[in-house]
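These notes are about the structure you will find just below.
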Amino acid sequence: MNKKLLLDQLGRTVSLTVYPPQRIVSLVPSQTELLADLGLGDSVVGITKFCVHPSSWRQEKTIIGGTKQLHLDRIRSLKPDLIIANQEENDREQVEALAVDFPVWVSKVVDLPTALNMITGIGEATDTRTLVGDLMLKIKASFADLRSFSIRSCAYLIWRKPYMASGGDTFIQAMLEVAGFENVFGHQNRYPEVTMEELAAADPEWILLSSEPFPFKEKHLAELSVVCPNAKIRLVDGEMFSWYGSRLLRSADYFRILREAN
152 MNKKLLLDQL GRTVSLTVYP PQRIVSLVPS QTELLADLGL GDSVVGITKF CVHPSSWRQE
212 KTIIGGTKQL HLDRIRSLKP DLIIANQEEN DREQVEALAV DFPVWVSKVV DLPTALNMIT
272 GIGEATDTRT LVGDLMLKIK ASFADLRSFS IRSCAYLIWR KPYMASGGDT FIQAMLEVAG
332 FENVFGHQNR YPEVTMEELA AADPEWILLS SEPFPFKEKH LAELSVVCPN AKIRLVDGEM
392 FSWYGSRLLR SADYFRILRE AN
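Sequential numbering of the sequence shown, starting at 152, is according to our numbering.
And the structure:
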């Protein structure tokens with residue numbers, strides 16, 4: 152086995168003593184799916200309970216807790232050669248604790264360019280550069296073919312009771328812009344709570360109800376239509392707006408269909 156020095160997206164040097172890594176733990180659902188699509192099923196030994204793609208891995212891999220509440224002892228017992236984490240989705244103290252004993256590569260994804268950089272970095276970390284090169288070409292082509300749409304104001308809601316929206320410093324914000332939406336809560340940070348009064352005052356042309364983390368359903372449209380009677384209210388696939396791995400292969404087409412159908 153070879154050794155390898157890498158830089159993660161926080162600018163940290165990550166030293167792999169086994170390269171390519173044979174025992175990988177993924178702490179992020181969208182990056183788990185990417186590892187699967189890179190053909191690394193035999194190398195991934197641990198995933199979170201939120202890693203739902205591919206579904207078969209939930210029976211085949213060790214579940215190491217949630218993204219914010221990892222079972223550190225369970226991860227340590229797996230003796231990983233590489234742990235793949237994310238600055239936003241994972242708890243900093245837990246990641247730093249793991250980094251004392253294991254190589255931890257941390258991503259920081261805020262928009263499409265940094266998502267592509269993350270994919271390149273994981274390709275380097277797992278010695279799957281050729282597959283990553285092909286994947287990158289397909290993702291870039293799909294977004295290049297996405298035509299410009301007239302800009303429409305929108306609110307993107309991720310939670311109910313209380314209502315919470317995506318703010319302006321999120322990956323969702325970047326995907327909204329790509330899809331031709333102007334976020335009415337883009338001036339706020341992270342995921343602000345919003346009242347019915349604030350939503351009415353913002354008067355978005357569209358209200359997008361995400362499938363995750365709160366599973367919005369058809370029954371929730373009525374209460375929002377009372378507050379914003381002129382808005383187009385749509386249930387949307389949250390993975391298309393918030394997953395930043397190989398799921399990006401499907402996002403551009405999803406945005407096109409969403410906009411052209413309304």
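Even for Gly, the Cβ is constructed at its ideal location relative to N, Cα and C. In this text, all values refer to a predicted model and were calculated from it rather than measured experimentally.
Rounded straight-line distance, which links the Cα of residue j to that of residue i
i, j, result
"T346", "P171", "50 Å"
"A306", "R410", "15 Å"
"G162", "E239", "15 Å"
"I234", "V260", "17 Å"
"A290", "R385", "At residue 290 the sequence reads Ile, which differs from the Ala that was named. Looking at the two C-alpha atoms, the distance is approximately 25 Å."
"G389", "M326", "11 Å"
"R341", "D242", "16 Å"
"L399", "M391", "7 Å"
"L223", "I175", "14 Å"
"A330", "N153", "43 Å"
"S402", "A292", "12 Å"
"S206", "L350", "36 Å"
"E244", "T164", "18 Å"
"L288", "V377", "44 Å"
"Y405", "A353", "26 Å"
"I133", "H371", "The displayed coordinates of the chain run from 152 to 413. Any statement about residue 133 would go beyond what the structure contains."
"F253", "E328", "37 Å"
"L221", "T199", "8 Å"
"N268", "V387", "26 Å"
"Q160", "A373", "42 Å"
Those residues which DSSP pairs with residue i across a bridge
i, result
"N237", "S258"
"V345", "DSSP, once it has assigned bridges, lists no residue as partnering V345."
"A316", "L308"
"F332", "R303"
"Y170", "N153"
"V165", "L157"
Spatial neighbours of residue i in its chain, beta-carbon cut-off 7 Å, leaving aside the 5 residues before and after
i, result
"A382", "P355, E356, W357 and I358"
"T218", "L178, V179, T199, F201, E240 and N241"
"F365", "I309, W310 and R311"
Distance cut-off 7 Å: residue i Cβ against heavy atoms of the ligand FAD
i, result
"F294", "The ligand content of the structure shown is nil, which means the ligand FAD is not present either."
Residues near residue i in its chain [Cβ-Cβ closer than 8 Å; skip 5 each side]
i, result
"R280", "G274"
"V196", "R174, I175, V176, K212, T213, L229 and P231"
"T271", "V283 and M287"
Close-in-space but distant-in-sequence residues of the same chain around residue i (CB under 6 Å, 5 per side omitted)
i, result
"A236", "L178, V246, V255 and V257"
"E344", "P313 and M315"
"E363", "G389"
"L421", "Given that the chain is displayed from residue 152 to residue 413, the structure contains no residue 421 and the question cannot be resolved."
- Message: Could you tell me which whole alpha helix (DSSP H) segments of length 4 or greater appear in the region 173-232?
- Response: 180-188, 208-211 and 223-228
- Given 8 Å, three or more beta-carbon pairs between the region 333-344 and the region 301-318: yes
- Query: How do the region 209-218 and the region 285-299 stand: do at least 3 beta-carbon pairs fall below 8 Å, yes or no?
  - Reply: no
- Item | the region 388-398 touching the region 177-193, judged by at least three CB pairs closer than 8 Å | yes
- Which runs of the beta strand (DSSP E) spanning at least 3 residues fall entirely within the region 350-392, listed in chain order? 357-361 and 383-387
- Quick one: complete alpha helix (DSSP H) runs, 4+ long, within the region 258-289? 263-277
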